[in-house]
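Novice: Each residue of the sequence shown is one higher than the last, beginning at 1 in the UniProt record's numbering. No residue lacks a Cβ here, since even glycine has one placed at the ideal position from N, Cα and C. What you are looking at is a predicted structure, and each value in this text was computed from that prediction instead of being measured.
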Amino acid sequence: MSTSDTPATASDAAEDTAHRSGPGRVDQRRPTAYYPELAGTAAVVTGAARGMGAVFSEGLALRGVDVIAADIDLDTMKRTAEEINAQTEALPEGGRRGRVVPAAVDVTDPAGHEELAALATAEFGRLDHWVNNAGIFPHAFAQDIPPEQIDAVLRVNVQGVLFGSQSAARHLRPGGAIVNMSSVSAVRVRKGRAAYCASKASVAHLTESLAVEFGDLGLRVNSIAPGYIDTEMTRWVQEDPAALKHALDSVPLHRLGSPQEVLGVLLFLLSDSARYVTGHSVAVDGGSRHV
Numbered sequence: 001m002s003t004s005d006t007p008a009t010a011s012d013a014a015e016d017t018a019h020r021s022g023p024g025r026v027d028q029r030r031p032t033a034y035y036p037e038l039a040g041t042a043a044v045v046t047g048a049a050r051g052m053g054a055v056f057s058e059g060l061a062l063r064g065v066d067v068i069a070a071d072i073d074l075d076t077m078k079r080t081a082e083e084i085n086a087q088t089e090a091l092p093e094g095g096r097r098g099r100v101v102p103a104a105v106d107v108t109d110p111a112g113h114e115e116l117a118a119l120a121t122a123e124f125g126r127l128d129h130w131v132n133n134a135g136i137f138p139h140a141f142a143q144d145i146p147p148e149q150i151d152a153v154l155r156v157n158v159q160g161v162l163f164g165s166q167s168a169a170r171h172l173r174p175g176g177a178i179v180n181m182s183s184v185s186a187v188r189v190r191k192g193r194a195a196y197c198a199s200k201a202s203v204a205h206l207t208e209s210l211a212v213e214f215g216d217l218g219l220r221v222n223s224i225a226p227g228y229i230d231t232e233m234t235r236w237v238q239e240d241p242a243a244l245k246h247a248l249d250s251v252p253l254h255r256l257g258s259p260q261e262v263l264g265v266l267l268f269l270l271s272d273s274a275r276y277v278t279g280h281s282v283a284v285d286g287g288s289r290h291v
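1) Touching or not, the region 112-127 and the region 65-78, by the rule of three or more beta carbon pairs under 8 Å?
2) Which residue from Ile224, Ser199, His290 puts its Cα closest to that of Phe268?
3) To which residues of the same chain is Ala142 closer than 6 Å at the C-beta, ignoring the five residues directly before and after it?
4) Give the secondary structure of Asn222 by DSSP, where H, G and I count as helix, E and B as strand, and everything else as coil.
5) By the DSSP assignment, the alpha helix (DSSP H) with Ser165 in it spans what residues?
6) In the DSSP assignment, the beta strand (DSSP E) including Ser281 goes from what residue to what residue?
7) Would you report the Cα separation of Arg126 and Leu248, rounded to the nearest angstrom?
8) Would you kindly work out how many angstroms separate the C-alpha atoms of His290 and Ile84, rounded to a whole number?
9) To the nearest angstrom, how far is it from the Cα of Ala274 to the Cα of Ala140?
10) Go through its chain and collect everything with a Cβ distance to Leu154's Cβ below 7 Å, but skip five positions before and after it.
11) Alpha carbon to alpha carbon, how far is Ala243 from Trp236?
12) Between the C-alpha atoms of Gly176 and His129, what's the straight-line distance to the nearest angstrom?
13) Might you give, ordered along the chain, the residues of its own chain that have their beta carbon closer than 7 Å to the beta carbon of Ala54, omitting 5 neighbours on each side?
14) Measuring alpha carbon to alpha carbon, tell me which residue in Pro226, Ser250, Val45 is nearest Ser185.
15) Alpha carbon to alpha carbon, how far is Ser165 from Met233? Give it in angstroms, no decimals.
16) What ranges does the beta strand (DSSP E) occupy inside the region 57-120, keeping only unbroken runs of at least 3 residues that lie completely in it?
17) Alpha carbon to alpha carbon, what distance is there between Met181 and Arg188?
18) With burial defined as no fewer than 16 other Cβ atoms inside 10 Å of the residue's Cβ, what is the status of Ala113: buried or exposed?
19) For Ser182, which three-state DSSP category applies?
20) Taking the DSSP output, what are the residues bridged to Gly257?
21) The beta strand (DSSP E) that contains His139, what's its start and end?
22) Kindly indicate which residue of Arg255, Gly264, Gln260 has the alpha-carbon position closest to the one of Gly286.
23) Just to check my reading of the structure: Asn157 and Phe56 have Cβ atoms closer than 8 Å, yes? What is that Cβ distance to the nearest angstrom?
24) Distance check for Ser202 and Ser250, CA to CA, integer angstroms please.
25) Assign Val237 to one of three DSSP states: helix, strand, or coil.
26) In angstroms with no decimal places, state the Cα-to-Cα distance between Gly51 and Arg99.
27) Which residues does DSSP pair with Val44 in a beta bridge?
28) Going straight from the alpha carbon of Gln87 to that of Pro147, what length do you get?
29) Is His171 buried or exposed, if buried means 16 or more other CB atoms sit within 10 Å of its CB?
30) Where do the N-terminal and C-terminal ends of the alpha helix (DSSP H) with Glu213 fall, by residue?
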């Protein structure tokens, strides 16, 4: 997706890898594109204390992007930010070093998103990118979903994306980009995931609507639809041989994806290489939506 596939430093190369052993897991080290034009820009990332949000914040900071990294779990968010900032401080002199500022946010509260935008402006003097990553992943069969669970899923996974995008539309610089996290579950349903699948389908369609409306503001809006990615969210699959086999049988590439492969798509969507790309959901699922 990029004309430059070489990280700028050895630290970048070390950061841009996923190394797992065992059947179906990523076991090779692969660099992710650098996109030097991102250096000096600023982003908000929600759900950033762990998992993909932490990987996104780290990958951006190591490329010179300043990040407001927000999560409802502020204590963990602070520790994650400290770890990322320690990495950026260890980079060789001469390059742009991104800074991660931790923040607390309840994505179901519109005022919380406005506070993140204000913090970005106060800390960095600009805001270019907004990544709506926060989400929850409950399990319940459709006939058993309690009202409070469907309410929580839709509030976090859908309203949280809408509220974040509204704040982004008010505060992003022209030419800015919003990236929402959808899922392969938006188009490929699974038992016990009715509420989650419905929420991610909503995110995919919401993204298209926002892209049409926000184009007048000079903003792009896209979503990423991961499949089985090697994170804590899929740990239950990886620890159950039968579940892992079932999962991999549904993936034409016969392996889990790595967080760095999702990061690579995020970087592309935020970069100048995607300046004519909006309203799309980019699948990072090894082809599983077609099985």
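Specialist: Answer, in terms of the structure:
1) yes
2) In the sequence shown, residue 268 corresponds to position 268, counting from 1. Answer by Cα proximity: Ile224.
3) Translated into positions along the sequence shown, residue 142 becomes position 142. Scanning its chain for C-beta atoms nearer than 6 Å, with the 5 sequence neighbours on each side dropped, one finds around Ala142 the residues Ala194, in chain order.
4) For this step, residue 222 is matched to residue 222 along the sequence shown. In the three-state scheme derived from DSSP, where H, G and I count as helix and E and B as strand, Asn222 is classed as strand.
5) Reading the sequence shown from its first residue, position 165 is the one you call residue 165. Start and end: 160-171.
6) In the sequence shown, counting from the first residue as 1, residue 281 sits at position 281. Ser281 -> beta strand (DSSP E) spans 281-284.
7) To locate residue 126, count along the sequence shown from 1; it is residue 126. To locate residue 248, count along the sequence shown from 1; it is residue 248. If I take the Cα positions, the gap works out to 43 Å.
8) The sequence position of residue 290 within the sequence shown is 290, counting from 1. The sequence position of residue 84 within the sequence shown is 84, counting from 1. C-alpha separation (whole angstroms): 36 Å.
9) Along the sequence shown, one-based indexing puts residue 274 at 274. Along the sequence shown, one-based indexing puts residue 140 at 140. Answer to the nearest angstrom: the Cα atoms are 38 Å apart.
10) Residue 154 sits at position 154 when you count from the first residue of the sequence shown. Cβ contact annotation for Leu154 (same chain, cutoff 7 Å, sequence separation greater than five): Ser199, in chain order.
11) To locate residue 243, count along the sequence shown from 1; it is residue 243. To locate residue 236, count along the sequence shown from 1; it is residue 236. In a straight line, the C-alpha of Ala243 is about 8 Å away from that of Trp236.
12) By 1-based counting over the sequence shown, the position of residue 176 is 176. By 1-based counting over the sequence shown, the position of residue 129 is 129. The alpha-carbon of Gly176 is positioned some 6 Å away from that of His129.
13) On the sequence shown, residue 54 is found 54 positions in, with the first residue counted as 1. Contacts found: Ala48, Thr80.
14) Within the sequence shown, residue 185 is the residue found at index 185, counting from 1. Nearest C-alpha to Ser185: Pro226.
15) As a position in the sequence shown, residue 233 is number 233, starting the count at 1. As a position in the sequence shown, residue 165 is number 165, starting the count at 1. Spanning the two alpha carbons is a distance of roughly 24 Å.
16) 66-71, 100-104
17) Residue numbering aside, residue 188 sits at position 188 when the sequence shown is read from its first letter. Residue numbering aside, residue 181 sits at position 181 when the sequence shown is read from its first letter. If I take the Cα positions, the gap works out to 15 Å.
18) Numbered from its first residue, the sequence shown carries residue 113 at position 113. Before going on, a small fix: residue 113 reads as His here, not Ala. The residue in question, His113, is buried, as its Cβ has 16 or more Cβ neighbours within 10 Å.
19) Taking the sequence shown and counting its residues from 1, one reaches residue 182 at position 182. Looking at Ser182 - three-state DSSP - the assignment turns out to be coil, as it is neither helix nor strand.
20) Counting from 1 along the sequence shown, the entry for residue 257 is found at position 257. Partner(s): Ile229.
21) As a first step, residue 139 is located in the sequence shown; it is residue number 139 there, counting from the start. Counting along the chain, His139 falls outside any beta strand (DSSP E), and DSSP gives it neither H nor E.
22) Sequence index remark: in the sequence shown, residue 286 carries index 286 (1-based). The shortest Cα separation from Gly286 among Arg255, Gly264, Gln260 belongs to Arg255.
23) Within the sequence shown, residue 157 is the residue found at index 157, counting from 1. Within the sequence shown, residue 56 is the residue found at index 56, counting from 1. Going by Cβ atoms, the distance from Asn157 to Phe56 rounds to 17 Å, so no, they are not a contact pair.
24) Within the sequence shown, the letter at position 250 stands for residue 250. Within the sequence shown, the letter at position 202 stands for residue 202. Distance between the alpha carbons of Ser250 and Ser202 is about 23 Å.
25) Locating residue 237 in the sequence shown gives position 237, counting from the first residue. Val237: helix per DSSP, three-state reduction.
26) Counting from one through the sequence shown, the residue named residue 51 turns up at place 51. Counting from one through the sequence shown, the residue named residue 99 turns up at place 99. Between Gly51 and Arg99, the C-alpha separation is close to 19 Å.
27) Sequence index remark: in the sequence shown, residue 44 carries index 44 (1-based). DSSP lists Ile68, Trp130 as partners of Val44.
28) As a first step, residue 87 is located in the sequence shown; it is residue number 87 there, counting from the start. As a first step, residue 147 is located in the sequence shown; it is residue number 147 there, counting from the start. Approximately 43 Å, taken between the alpha carbons.
29) As a working note, residue 171 is residue 171 in the sequence shown. It is buried - the Cβ of His171 has at least 16 other Cβ atoms within 10 Å.
30) As a working note, residue 213 is residue 213 in the sequence shown. Start and end: 194-214.
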